[in-house]
Structures are given as structure tokens and as C-alpha cells.
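Chains D and R, in that order, are what the protein sequence lines are. Residue numbers 243 to 415, in this note's numbering, belong to the letters of the first sequence in order. Residue numbers 3 to 285, in this note's numbering, belong to the letters of the second sequence in order. The beta carbon of each residue, even a glycine, is placed where N, CA and C say it ideally should be. Heads up: the structure comes next, in C-alpha cells.
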Amino acid sequence: MRSLLDFLKGKWLGHPLHPILAHVPMAMWLGALIFDLLSQCQIGGNAMVRLSFYAIIFGLAAALVAAPTGLVDWSGIKKEKPAWKIGLYHMSLNLIVTLLFGVNLALRWQTFREASEVDRIPLLLSAVGTLILIISAYLGGRMVYEYGISVARMSKKKWRKLAAAGGANLPPE
Amino acid sequence: MLKNLLEGKPLRHPIHPMLVHFPIGFLVVSFLLDLVSLGFPEVPNLVRCSFYAMLFGVVTALLAAVPGFVDYSDIRRDHAGKATATRHMTLNLMVVAIYGINLWLRSSALTDFKISLVPLLLSLIGIVLLSASGYLGGRLVYDEGIAVGRHKRKTPTPQDTLHLSTETAAKAGEAIFVSVPNAEHLRNGETLRVEIERQAMTIARIDNQLYGFQEFCTHRFGPLSEGSFHGFNVQCPWHNSCFDVRTGKVTNGPAKVDLKIFKIETRAGKVGVLLTKAHDQKT
């Protein structure tokens, strides 16, 4: 159990896994919206419709892989910290977005092979999903850049050495 | 002003790591579409799809490069992360060049049902280099703390460490005065990162007074010379620990241990720091 948690936290890689995996759904789903809009402008024809469909599927697959790594990172934050609450919002929004793109994908399933442009409702779902995702991703970034979540978590020893060499008062190990 | 904008200070979030989602995502998906086209050559448009994805990837990579250069220029010259950042940048430039060639090769064969070998190989090399580069970029944030908490700081951060040495050898317990000429020019909220006799310290001006304290936070050793100031408190950019610069006392966690502080004095018209050499310990 312990080793599974360490794996999901990315200790083996020396880099947290969640922010690596999160790139894929973020890019794919915003990409899907852009492809939908292009397709509405009669650009790309069926290639654009398919591209959007593939982007949503890749995004969903990556989101499902990214979710457990995020959950593990979040569970390591103390409940009284402001980052815990932000993490909760981040997670809830992500769940909503994943659901929206799940429905979105189902709506396209029958038509993506032949259609020469994306329908209105899937387009709308892409737009709403992407908007919520941007807010959610921003919250995720704030956890790192405002509250330092996962920062210097794996490089603690290296920094302690530097601080000791610089004559600093140190916390007990 | 433009620099603050490109560093994402108004958003309170750096811009470069926001934008890099797109080149990474699109270039990976372009490669996956290539593979699908090999496995399912009867599916139409895959090669064209892959080309569009790649085009998006390269355009967004160029966009992401701009705030990336700004972030790079703001890393202290003697920071351990600077070399990593140089490697990250070099790899990214190579990746963009490789994908530029790749796009050009593909542009004449968009109606193919199967991707041909040379562009596929170029994509493979591109993905490998991009992964390595993305990994280094992540290490910059999660190991070196680059850009973490940067938006909280209102003044520029030190571009270099000032290395000074004591002119006279001090006996144990004796205080020696080391002049720090640059300290006089500091404005309120500005800092110097100084190293004297293996003591790394921050010298900051607050409310027209100079204060000296240890450079490394006592929590996870974040750089206090890049911290922000609230009254007489310095806040670590990483995990927001606060210390009173006058006493070194922790005023807000997660840190629990107080800072070492250094006395700043003016002697014979020169500003400097008083160093008390501890008993001759070998470290």
C-alpha cells in the first residue's frame, strides 16, 4: 500500500506525477473546443470532426489516469491548510468536467465517422467543459505557486545540505 | 511592467507553465495519431489530423517560449536551477526545430492514409526530447522552487549572490565588521543575497532600516532573499512561513525554528554586517 502511494506521488521519478499527467486532458479538451469551432467555420471537414473526437477520448483516458495521482497528492495536505479547500474545489470541478466530456463523447459516437461538422450540443458541451477546466486548472496551479504544494518535497535533503553549508539554523531532522 | 505581465504577476500564477500544456498535449496526440494510422490504415484523415495537431503544438510552443525566456532571465545567476533551465531551454529549441522540419515534410503528403517513416521517426525523437525537457521544467518548479510564490514579491529579486570575505581573521567569539557597500543603495522592500565566510544571508531594507537574517527558511529552506515583506515580517515564497526580521522569531508557520539574524551597523560611514564567529567548529 505504502509503495503504491509512493508510486502515485512520483517518488520513483523525482517529480510529482499529477502535474505531468494533467497536461494531457487540459490540452486535449481545449483542443477539442478549438477543433469544434474550426469545424463550425467549415474548416477541415470530417478530419476536424474526427480530430476533436480523438482529442476528447485521449483527454478522458489521461484524466482517468491523472485522477488517482491527484487524490494521493491531495490526501497529503493537512485539512486546516487553505490549499486543502482549494484542492477540494479543484477535484470537484475536475469531476464535473470529466462527466461533461464523457457525455460529449457519447453524443458524437454515432456521427463522427461521416459528419462534416460538429453539432451544436456537443460544441456547447466542449465550451462549458473547457471553461470549467480552465478555472479548475488555475486552482491547481495556485496550489503549487501560492501554497508550495509538492514544492521541495522530494529535494528536501538537497536543500538542507545547502542551508547547512550556508550556516543556517535548521529544523530538527 | 511587461515583465510582470509575462511573469503572470497579475494572475498570481506564472504564464509559462500554463501555456506548455498545449505543445506537450498536441505533440503527444500527433504522435499517437501517427501510430493509429499505422495500425488502422483504412481510417481516413488520420495523417491530416496528426498534421493539424502538430501545427497547433508548434504554434503554442512558440507562444509559450516568450514567458519562458522571461522566467529564465529572472533566475539568479548562481542558482543551482539555472543550469537545469539552460538545458530545458536548449532542448525546447531543438524540439521546435525538429517539428518545424517535420511539418514541412508532412505538408506535401496530407492525403496519405499511413504516415511514412521519416516524419514518424522525427516525431519519435521530438517526443523523447520533449518529455526530457518537460521533466526538467517540472524539476525547476518542484525541486528548485523556481517561480513559486514569485508573484507575492513586489520588488525585483537579487540577480546574483554578493561574495564578501572578512579581511582580518577573527578569534572565536570575536565580532568582526564586514562592509557591504551595495546595501546602502537598497530601496525599501529590496534585498541583497550575501555570502560571507560560508554564511548565506539576506540583507533587506524595510521602513528605511537595514536588516540581516539567514537566507534559508527553516522549514524547507526556501530563499528568503526572494521573499515578500509585510510590515517587519519576511514571508518565504514557498510555503509562506513568516519571520520577524528584527528578532528572527517565527510569526507564522509551517516553520517552527527561528532565523539566525545579523546585526547591520554603520562604522566610519560604511554600512556593514557584524559577524560573530562561533567557536572554531569545523563543518
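Let me make sure I understand the geometry here. Which of R/S243, R/I266, R/E267 has the alpha-carbon closest to that of R/K258? Sequence index remark: in the second sequence, residue 258 of chain R carries index 256 (1-based). Per the Cα distances, R/S243.
Exposed unless 16 or more other CB atoms sit within 10 angstroms - verdict on R/V120: Within the second sequence, residue 120 of chain R is the residue found at index 118, counting from 1. Exposed.
Smallest Cα separation from D/S397: which of D/G329, D/L255, D/A304, D/G408? Working through the first sequence from its first residue, we reach residue 397 of chain D at position 155. Of the listed residues, the one whose Cα sits closest to D/S397 is D/L255.
Minimum length 4: unbroken alpha helix (DSSP H) runs contained in the stretch 306 to 360 of chain D: Counting whole runs of 4 or more residues, the stretch 306 to 360 of chain D contains the alpha helix (DSSP H) stretches 324 to 350.
Are the beta-carbon atoms of D/T340 and D/A305 separated by less than 8 angstroms? Indexing the first sequence from 1 puts residue 340 of chain D at position 98. Indexing the first sequence from 1 puts residue 305 of chain D at position 63. In this structure, D/A305 lies closer than 8 angstroms to D/T340 by Cβ.
Can you find a C-beta in chain R that's less than 8 angstroms from the C-beta of D/W316? Locating residue 316 of chain D in the first sequence gives position 74, counting from the first residue. Chain R contact via Cβ: absent.
So, does the CB of R/R248 fall closer than 8 angstroms to a CB anywhere in chain D? Locating residue 248 of chain R in the second sequence gives position 246, counting from the first residue. Nearest CB-CB separation between R/R248 and chain D: not below the 8 angstroms threshold.
Which first and last residues belong to the alpha helix (DSSP H) in which D/A269 is found? Numbered from 1 along the first sequence, position 27 holds the residue referred to as residue 269 of chain D. Note, D/A269: alpha helix (DSSP H), 265 to 282.
Drop a sphere of 10 angstroms on the beta-carbon of D/M290, count the other beta-carbons inside from all chains shown, and report buried for 16 or more, exposed for fewer. Stepping through the first sequence from its first residue, residue 290 of chain D is reached at position 48. D/M290 comes out buried.
Note down, in chain order, every chain D residue with its Cβ under 9 angstroms from the Cβ of R/A202. Here residue 202 of chain R refers to the residue found at position 200 of the second sequence. Chain-ordered, the chain D residues with CB closer than 9 angstroms to the CB of R/A202 read L404, A405, A407, G408, G409, A410.
Report the partner residues of R/T204 according to the DSSP bridge assignment. For the purposes of this step, residue 204 of chain R is identified with residue 202 of the second sequence, where counting begins at 1. The partner list for R/T204 (beta bridge, DSSP) reads R/R195, R/F215.
Which stretch, first to last residue, makes up the beta strand (DSSP E) that contains R/N254? Counting from one through the second sequence, the residue named residue 254 of chain R turns up at place 252. Its beta strand (DSSP E) spans residues 252 to 254.
Taking Cβ positions only, does R/K156 come closer than 8 angstroms to chain D? Locating residue 156 of chain R in the second sequence gives position 154, where the first residue counts as 1. With respect to chain D, the C-beta atom of R/K156 has no partner C-beta closer than 8 angstroms.
Counting only beta-carbon atoms, is D/M385 nearer than 8 angstroms to chain R? Position 143 of the first sequence, counted from the first residue, corresponds to residue 385 of chain D. Cβ-Cβ to chain R under 8 angstroms: no for D/M385.
List, in order along the chain, the chain D residues whose C-beta lies closer than 8 angstroms to that of R/I26? Here residue 26 of chain R refers to the residue found at position 24 when the second sequence is read from its first residue. In chain order: H265, V266, A269.
Assuming the contact rule is C-beta atoms closer than 8 angstroms, R/G214 and R/I263 should be a hit. Round their C-beta distance to whole Å, please. Counted from its first residue, the second sequence places residue 214 of chain R at position 212. Counted from its first residue, the second sequence places residue 263 of chain R at position 261. Right, their Cβ atoms sit about 6 angstroms apart.
Burial state of D/G318 (16 or more Cβ within 10 Å): Taking the first residue of the first sequence as position 1, residue 318 of chain D is located at position 76. Result: exposed.
For R/E267, which beta-bridge partners are listed by DSSP? By one-based count along the second sequence, residue 267 of chain R stands at place 265. DSSP lists R/G274 as partners of R/E267.
Selection from R/M20, R/A66, R/G271, R/H232 that minimises the alpha carbon distance to R/F370: Outside the displayed range of chain R (3 to 285) lies residue 370 of chain R, so it cannot be described from this structure.
Partners in chain R for D/A297, counting only beta-carbon separations shorter than 7 angstroms: Residue numbering aside, residue 297 of chain D sits at position 55 when the first sequence is read from its first letter. Result: V31.
Does the beta carbon of R/T220 come closer than 8 angstroms to any beta carbon on chain A? In summary, chain A is missing from the structure at hand, where the protein chains are D and R.
Taking CB distances under 8 angstroms as the criterion, tell me whether D/K327 reaches chain R. If you number the first sequence from 1, residue 327 of chain D lands on position 85. No, D/K327 lies away from the interface with chain R (no Cβ there is under 8 angstroms from its Cβ).
Shortest alpha-carbon distance to R/L93 belongs to which of R/V130, R/V68, R/I117? Locating residue 93 of chain R in the second sequence gives position 91, where the first residue counts as 1. When only C-alpha atoms are compared, the closest one is R/V130.
Taking the alpha carbon of D/I262 as the point to measure from, which residue in R/N184, R/L164, R/S133, R/F218 has its own alpha carbon closest? Taking the first residue of the first sequence as position 1, residue 262 of chain D is located at position 20. The shortest C-alpha separation from D/I262 is found at R/S133.
How many angstroms separate the CA atom of D/N346 from the CA atom of R/P158? As a first step, residue 346 of chain D must be located in the first sequence, where it is residue number 104. As a first step, residue 158 of chain R must be located in the second sequence, where it is residue number 156. About 46 angstroms.
Is there a C-beta anywhere in chain D that falls below 8 angstroms from the one on R/V143? Translated into the one-based positions of the second sequence, residue 143 of chain R becomes position 141. It does: the Cβ of R/V143 has a partner Cβ on chain D nearer than 8 angstroms.
Taking 8 angstroms as the threshold, find out whether the stretch 397 to 413 of chain D comes into contact with the stretch 31 to 51 of chain R through three or more Cβ pairs. no
Under 8 angstroms: do the stretch 307 to 324 of chain D and the stretch 370 to 378 of chain D share three or more Cβ pairs, one atom per stretch? No contact exists between the stretch 307 to 324 of chain D and the stretch 370 to 378 of chain D.
Within its chain, find whatever has a CB closer than 7 angstroms to the CB of R/V150; leave out the 5 residues flanking it on each side and keep chain order. What you label residue 150 of chain R is simply residue 148 of the second sequence in a count that begins at 1. V143, P239, W240, listed in sequence order.
Quick one: complete alpha helix (DSSP H) runs, 4+ long, within the stretch 25 to 98 of chain R? 48 to 75
Between R/K284 and D/A407, what straight-line distance do the alpha-carbon atoms span, to the nearest angstrom? For this step, residue 284 of chain R is matched to residue 282 along the second sequence. For this step, residue 407 of chain D is matched to residue 165 along the first sequence. In this predicted model, R/K284 has a pLDDT of only 42, less than 50, meaning its place in the structure is not dependable enough to derive any value.
Using a Cβ-Cβ distance cut-off of 8 angstroms, determine whether D/I374 contacts chain R. As a first step, residue 374 of chain D is located in the first sequence; it is residue number 132 there, counting from the start. It does not; no Cβ of chain R falls within 8 angstroms.
So with Cβ pairs under 8 angstroms, would you call R/N47 a contact of chain D? Counted from its first residue, the second sequence places residue 47 of chain R at position 45. By this cut-off, R/N47 is an interface position.
Could you check where the alpha helix (DSSP H) with R/H15 kicks off and where it finishes? Walking along the second sequence from the start, residue 15 of chain R turns up at place 13. Note, R/H15: premise wrong, no alpha helix (DSSP H); not H, not E.
CB contact flag (R/N190, R/I208, <8 angstroms): Residue mapping note: residue 190 of chain R aligns to position 188 of the second sequence, counting from 1. Residue mapping note: residue 208 of chain R aligns to position 206 of the second sequence, counting from 1. Yes; because the gap between Cβ atoms is below 8 angstroms, this pair is in contact.
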